[in-house]
Structures are given as structure tokens and as C-alpha cells.
Amino acid sequence: MTPQPLLVIVGETCSGKTDLSLTLAKRFNGAIISADSVAIRRKMDIGSSKPSAKEQSEVPHYLIDIIDPSEEFSVALYKQKALKAIRNIGDNNKLAILVGGSGLYINSVIYDYRFRENLNKYQRDLLETLDIQKLKEIGTDSGLAIKSIDLNNKRRLIRLIETGHIRRKDLNKARGNTLIIGLYNSKENKKELIKKRVEKMINDGLEKEVQALRSEYGYNDKIFCNIGYKEWIPYFNNQICLDEVISNIVKDTSNLAKKQKTWFRRNKSIRWFNYPLQKHLIVELVTSFISNEHFN
RNA sequence: GCAGGGAUAGUGAAGCGGUCAAACACGGGUGACUGUAAAUCAUCUGGCUUUCGCCUUCGGGGGUUCGAAUCCCUCUCCCUGCA
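Just so we're aligned, residue 73 is where the first sequence starts under the working numbering, counting upward by one.
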């Protein structure tokens with residue numbers, strides 16, 4: 073059975089994903105599913121560049137504002153919710169458009185990542201207290217293939233022990249009936265775009281947003297590990313000035329963009345476009361995708 | 001003006017006679033990544049070289065020494081105490 077059609081838009085931050093997805097959604101009767109690990113949290117609006125209330129009212133949006141800022145979350149949960157959203161959108165006879173920069177979230181859907189049903193949650197707290205050496209021993213004693221992962225990555229080591237296996241990646245077999253569009257900018261104006269975006273965030277009241285989060289949740293690491301948020305900590309401690317906060321956010325955002333680029337580049341199913349230069353080409357491609365519906 | 005302290009890689013900072021191209025941290029590059037992912041981890045980061053290795057460095061100049069970033073003299077700049 074051919075799966076329901078799915079349009080996916082990926083790209084580094086500031087590449088124009090939001091803009092394009094809104095255009096396409098309006099034009100092709102679509103609904104947007106966000107694949108953004110920060111926008112999924114409530115009250116983190118400005119720093120995550122969530123679509124505005126107006127934009128969200130014009131096009132149905134899924135998986136934005138669905139958990140509390142400090143709530144535990146995982147890719148496994150994300151995948152579950154995204155699949156449900158896709159079905160829901162199909163039931164409404166709309167085109168599902170999966171949009172975001174969180175590569176792992178995207179992959180979990182388009183490569184159908186499998187996750188274990190019942191994860192022993194409190195085992196993790198115990199494992200967290202152990203050091204790497206001990207974790208390696210546990211892994212080896214359990215007959216796990218610890219050599220196949222980066223051994224100094226405690227988090228992954230724990231994950232391996234928890235799940236009891238490693239999933240082989242297969243980046244060639246993407247979901248059927250899926251069109252994946254990747255957006256990129258020319259290198260020169262990238263930094264400028266990021267700078268502008270950060271300045272806009274400041275004008276929109278990012279400082280207040282972060283202040284409010286801090287006073288409600290403290291320096292919770294689910295919130296303050298994120299770009300646009302963590303950079304304020306030394307500022308609140310009177311260690312740096314506002315200009316430094318801004319330049320740090322710009323710097324960290326540029327690094328994020330680089331990481332996203334690295335992540336998505338491995339994915340051979342992506343069709344890349346220079347945006348917004350080649351917008352018309354994308355529209356053409358999507359048009360034929362919808363009329364044919366037999367991609368891949 | 002006198003007495004102390006300091007000047008080391010993009011930045012901060014170890015080293016205080018040989019094993020120093022120089023720990024460590026940050027910053028930067030590249031990459032990995034199926035349950036925290038805007039996370040976490042690996043790797044490189046003076047120049048030339050694929051590796052071996054070679055070359056130039058420790059504010060400037062001059063000494064002592066087989067050998068100096070490390071000791072001495074002197075100059076420049078910075079900080080501290082007394083004037």
C-alpha cells in the first residue's frame with residue numbers, strides 16, 4: 073500500500089523553511105508538522121522563532137507548544153506524535169508538510185526509526201551515576217556491541233544499555249511517497265541573516281521571555297541548554313553585557329547551522345534548492361509530486 | 001623617581017636550564033550521531049608535509065651556558081606598593 077503523501081522541508085536555521093512551508097501549505101491545502109525540538113515547548117516562542125500566531129492561524133500547525141518548557145521528551149515520543157499528525161492531516165484531506173531543523177526528529181519519521189516499547193526509566197537514573205569505565209563493563213558483560221559506538225559518549229553508552237541493541241542506520245531507504253526538500257543559502261549572507269534574526273528576537277522581547285522562564289523554572293537544563301536561552305545566564309549574573317549576549321547567540325546559531333548542514337548532507341534523499349532563488353522550481357516540483365503521488 | 005610583579009599560540013593561562021611547538025581551558029575547523037538532539041561525543045587547530053619529519057617561535061636587543069621561554073644585563077610596554 074502506498075503511504076500517504078508527505079512533503080518534508082529541511083535545512084539549517086535561517087534557510088527559509090517557515091516561509092516556504094507557509095507558502096506551500098496555502099497553495100496546496102497543506103498542514104504543517106513542526107520538527108523542532110524547541111518550538112515543541114510552550115513559552116519558548118521568540119528564541120525558537122516559532123511561527124507567529126497569525127501564521128499559525130492561517131495554516132494548521134502540529135507539534136508546536138505541546139509540552140511544558142521543563143518537561144521530559146524524546147525522539148520516540150516525537151515520532152509517535154508525528155505519525156499521528158500525518159494520519160490526522162490525511163483524514164482531513166490535506167497535504168502533510170513536515171518542517172524543521174531537528175534532524176533526528178525528521179529522520180525518525182522518514183526512516184521509520186524503531187524504538188523499544190517499554191523503556192526502564194528509573195534504570196537511567198542509576199546508570200547516570202556511574203562513570204564511563206563502569207558503563208563499558210556493564211555493556212560488555214551484557215554482550216552488547218559497545219565497540220560500535222563512540223565509547224566516550226556516556227549518553228550513548230547508557231542508551232545502548234537501556235535499549236539493549238544498536239539500530240543500524242540505513243539512509244537510503246526513506247519513506248515512500250515522500251518528497252524531501254532541502255534549503256540552503258549562499259554562504260556570504262548567512263551570517264547577516266542570522267544577525268538580523270537575532271536582532272529581531274531582541275526587539276521582540278527575548279530578554280523578557282528568558283527572564284520569565286528563569287523565574288518560573290530556574291535554570292532548568294531542558295530550557296537553558298538551548299541557543300537563544302543559555303547565553304543569558306552570564307548576563308543575568310552581571311558577567312557580560314547585552315552586546316555580548318547578542319554576539320554569543322549569533323555565534324552559537326551559526327554553529328548550529330553548521331551542525332545541521334552536516335547532519336542533512338548525509339541524507340541522499342534530499343533534493344536541495346537555493347532559497348528563495350529557486351522557489352519557483354520547488355513549487356513546480358511539489359505540483360508534480362502531488363499530481364503523481366508516486367515518488368521514490 | 002624608588003621598590004616589587006608581569007609580557008608565552010586567535011584569547012585566557014601553565015611551564016621557570018635539556019624530554020617545549022609548548023599542558024589546560026575557551027574560541028575555530030572537520031566529523032559521528034535511532035529514546036535529553038539547539039543535546040552528547042570524536043578529531044584536528046604555528047608553518048610546510050599523507051606519515052616520518054623539517055622549519056620559525058615564548059615583548060625587543062645583548063650576554064652566561066654544551067644547551068635558555070626558563071639565569072644575567074639592557075630597552076619598550078602593562079599592573080601593584082612607596083614617593
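For glycine and all other residues, C-beta sits at the position ideal for the given N, C-alpha and C.
| Asked | Found |
| --- | --- |
| Euclidean distance between Cα positions of L349 and D163 | 34 Å |
| Complete beta strand (DSSP E) runs within the region 120-181 (minimum length 3 residues, chain order) | 167-171 |
| Inter-residue Cα distance where the pair is D91 and S180 | 24 Å |
| For A284, the first and last residue of its enclosing alpha helix (DSSP H) | L278 to Y289 |
| Collapsed DSSP secondary structure at A329 in the structure displayed | helix |
| Backbone CA spacing between K122 and I138 [nearest angstrom] | 13 Å |
| C-alpha distance - L202 paired with S93, whole-angstrom precision | 44 Å |
| Reduced DSSP category for V80 - H, G, I as helix; E, B as strand; rest coil | strand |
| Spatially closest choice to L155 from N309, L207, Y134 and Y301, by CA coordinates | Y134 |
| Simplified DSSP state of N368, which is helix, strand or coil | Because the pLDDT at N368 is just 43, under 50, the model does not fix this residue reliably, and the value given afterwards should be weighed accordingly. N368 falls in the coil class under three-state DSSP. |
| Ordered list of alpha helix (DSSP H) runs contained in the region 184-230, each at least 4 residues | 193-200 and 204-213 |
| Contact set for R343: own chain, Cβ-Cβ below 8 Å, skip 5 residues either direction | L251, I252, I253, G254 and L357 |
| Nearest-angstrom Cα separation, counted from A97 out to T359 | 12 Å |
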